[in-house]
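**Q**
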Amino acid sequence: MTAETETRPTITRTIDARGSFCPGPLMELIRAIREGAVGDVIAVRSSDSGSKIDIPKWIEKAGHRLIAVDNRDGFDEIIVEKAR
Amino acid sequence: MKRVLVLGGGVGGTLTANLLARRLRRRIDRGQVDVTLVDEAGAHVYQPGFMYIAMGGEREEKLSRRERSLLDSRINLVIDKAVRIDEGAGTVTLAGGAIVPYDFLVLATGARILPEVIEHFEAEAHHFYTAAAARKLRRALDAFKGGKVVVGIASMPYKCPPAPLEVAFLIESELRDRGLREKSEVHFCSPIGRAFTIESVSEMATPILEDKGIELHTFFNVEAIDPERKVVESLEGEELPYDLLVLVPPHKGQQFLIDSGFAPAPGGWLPTDRNTLLVGGRPNVWALGDATDLPLSKAGSTAHFEAPVVVEGIVAGLEGRVPAGKHAAYEGRVMCFFEVGDGKGTLLRFDYDHPPQPPKPNVFWHLGKIVFNKTYFHTVPKGRV
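Protein chains in written order, with the numbering used here: chain L, 20 to 103; chain B, 127 to 511.
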């Protein structure tokens, strides 16, 4: 699955949560969002298949911007912009 | 002589030390092996009982035993606090200044609760992770005459994952018994997209929440408490007014593990192999219980099932062989009772490969939890079950 805008902003922080199970990757993203500034672009790498469903749902509820969900080799990379 | 040093006198540390003493008794008696356990308080506390101080008439004095009384006489007990591990020297420094050497190290150091991380938590919110906090919650419940009850989780991970749901169920049940339910709302806030981390348990619990009229708020990560408006605010932008606020406080691993380079900041959870329980690839350091970063319940039963694996690893190390037999590897086994209120409970049994399939809640599993609580000190720490 890939959902992307025409031009992608530069990723400012990458969280490697591979090997961590739900809700670990989401909790790592939440920590990064708390620590970050509006406009930061965060990539979360997760090998838990639930992350590509749970994390976009959380992004929508929390009012941030989902930039992409990319399938990589053995993991998903979910890219989000802190919007508020 | 080979020295085994166990840090922590909770379920994991006490059981590991006792199982080691049992397996190595001849070598200990001959002076070939020394087993030492360091515990800050010198007391073993049955933490799951705290919830019952708030919700079930439990008394604090019933929940604690002297650590010495639970340990095999072959084990040396040192009552002090570990403050530093020097990996190069193979020593642990204690707060009192003693330096204790080890050949094999077991980190059963548990989790810390940090209510103070959230401003106004201690003045406004209740919890049940210490005896004192549980007593305070009981007093608040006694004084409660109806209104909005909010039960939530400040951050993950935390000890005893079913506990906040259990507390929501038990409070709702109590409000009905006291004739206050019509005048009250009960809200349950989950940091993730469902009621519980494990999907099958969430599927069991969600209809019970609905039946009891407990409103579920998902993706509610506590951000702030506004004491003037009596509102708890989420990172996601939601606000919930409360008259009685019950929150699982933030948890972290021990600071000295971060300072000693064994656990990463800020969480302080030990990077632990899911099967061998070795820490960070070290051949002679194991972790178990709440201190690990494993994606499992931080619960006494996790430590209970991990301890024999740590013991087999140490004995194998002493004998210069690889771990063998039924405790050669930890398979993620956990077992937890789960209260749903109205005198009913269920049981969660699972491992890495088999998610729980909780039976329909009934009186039997509630009574099972009560019996387990009452017999705990005679069974688990001494390795009798």
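Think of the CB as a built atom: it goes at the ideal place given N, C-alpha and C, for glycine as much as any other residue.
Could you round the C-beta distance between P481 (chain B) and L473 (chain B) to whole angstroms and report it? I think they count as a contact, below 8 Å.
**A** About 13 Å separates the CB atoms of P481 (chain B) and L473 (chain B); that is not less than 8 Å, and the two are not in contact.
**Q** M216 (chain B) to R129 (chain B), Cα distance in whole Å?
**A** For the sequence presented, residue 216 (chain B) should be read as Gly rather than Met. In a straight line, the C-alpha of G216 (chain B) is about 10 Å away from that of R129 (chain B).
**Q** Could you have a look at E336 (chain B) and say whether DSSP puts it in helix, strand or coil?
**A** helix
**Q** How would you label S299 (chain B), buried or exposed, when you count the other beta carbons within 10 angstroms and need 16 or more for buried?
**A** buried
**Q** For K309 (chain B), does the count of other Cβ atoms within 10 angstroms reach 16, so buried, or fall short, so exposed?
**A** exposed
**Q** List the residues that DSSP assigns as beta-bridge partners of P227 (chain B).
**A** B:T217
**Q** What residue ranges within the stretch 299-337 of chain B form continuous alpha helix (DSSP H) runs of no fewer than 4 residues, ordered along the chain?
**A** 325-337
**Q** For V506 (chain B), which residues from the same chain have a beta carbon less than 8 Å from its beta carbon, with the 5 sequence-adjacent residues on both sides left out?
**A** V137, L141, G426, H430
**Q** Closest to S195 (chain B) by CA distance: which of B:K207, B:A224, B:G135, B:K285 is it?
**A** B:G135
**Q** Nearest by alpha-carbon distance to N347 (chain B): which of L:A36, L:I30, L:M46, L:R84 is it?
**A** L:M46
**Q** Quick check on DSSP: helix, strand or coil for S167 (chain L)?
**A** The displayed coordinates of chain L run from 20 to 103. Any statement about residue 167 (chain L) would go beyond what the structure contains.
**Q** Chain B beta carbons: is any one of them nearer than 8 Å to that of I49 (chain L)?
**A** For I49 (chain L), the answer is yes, since a Cβ of chain B falls inside 8 Å of its Cβ.
**Q** Residues of chain L with CB under 8 Å from T323 (chain B), in chain order?
**A** Here the neighbours are C41, P42.
**Q** State the start and end residues of the unbroken beta strand (DSSP E) segment that holds D160 (chain B).
**A** 159-165
**Q** From the DSSP secondary-structure annotation, give me the bridge partner or partners of G278 (chain B).
**A** Per DSSP, B:L373.
**Q** Within this structure, are the beta carbons of Y478 (chain B) and E457 (chain B) separated by less than 8 Å?
**A** yes
**Q** Please go through the same chain and pick out, in chain order, the residues whose beta-carbon is closer than 6 Å to the beta-carbon of L291 (chain B), but skip the five residues on each side of it.
**A** Around L291 (chain B): A331.
**Q** Determine contact between the stretch 266-282 of chain B and the stretch 369-386 of chain B, defined as no fewer than three beta-carbon pairs at a distance below 8 Å.
**A** Short answer: they touch.
**Q** Can you tell me which of B:H504, B:Y284, B:V159 puts its alpha carbon nearest to the alpha carbon of R192 (chain B)?
**A** B:H504
**Q** Report the three-state DSSP secondary structure of N488 (chain B) (helix, strand or coil).
**A** strand
**Q** When the Cβ atoms of the stretch 195-206 of chain B are set against those of the stretch 80-99 of chain L, are three or more pairs found closer than 8 Å?
**A** Counting Cβ pairs under 8 Å, fewer than three are found: no touch.
**Q** Using a Cβ-Cβ cut-off of less than 7 Å, give me the residues of the stretch 354-370 of chain B that come near chain L, in sequence order.
**A** Residues of the stretch 354-370 of chain B with a C-beta atom less than 7 Å from some C-beta of chain L are L361, E362, G363, listed in chain order.
**Q** Contact check, I318 (chain B) vs D67 (chain L) under 8 Å by CB: the rounded distance?
**A** Between D67 (chain L) and I318 (chain B) the Cβ distance is about 12 Å, and since that is not below 8 Å, they are no contact.
**Q** By the 7 Å beta-carbon criterion, what residues does the stretch 64-78 of chain L contribute toward chain C?
**A** Absent from the structure: chain C. Protein chains present are L and B.
**Q** Give me, in chain order, the residues of the same chain whose beta-carbon lies closer than 7 Å to that of P434 (chain B); leave out the 5 immediate sequence neighbours on both sides.
**A** So the qualifying residues of the chain are L145, H453.
**Q** Tell me where the beta strand (DSSP E) around A417 (chain B) begins and ends.
**A** From DSSP, A417 (chain B) is part of no beta strand (DSSP E); its letter is neither H nor E.
**Q** Report the residues of the stretch 80-100 of chain L with a CB closer than 7 Å to any CB of chain B, ordered along the chain.
**A** K80, A81, G82
**Q** So, are the CB atoms of R307 (chain B) and T344 (chain B) less than 8 Å apart?
**A** no
**Q** Return helix, strand or coil for N202 (chain B), following the three-state DSSP convention.
**A** strand
**Q** With C-beta atoms as the reference, is V159 (chain B) less than 8 Å away from M127 (chain B)?
**A** yes
**Q** At the 8 Å Cβ level, is P421 (chain B) part of the contact set with chain L, yes or no?
**A** So, interface residue.
**Q** First and last residue of the beta strand (DSSP E) that includes N401 (chain B)?
**A** Element bounds for N401 (chain B): n/a, residue is neither H nor E.
**Q** Can you check whether the C-beta of R53 (chain L) is within less than 8 Å of a C-beta belonging to chain B?
**A** yes
**Q** Any Cβ of chain L within less than 8 Å of the Cβ of N488 (chain B)?
**A** no
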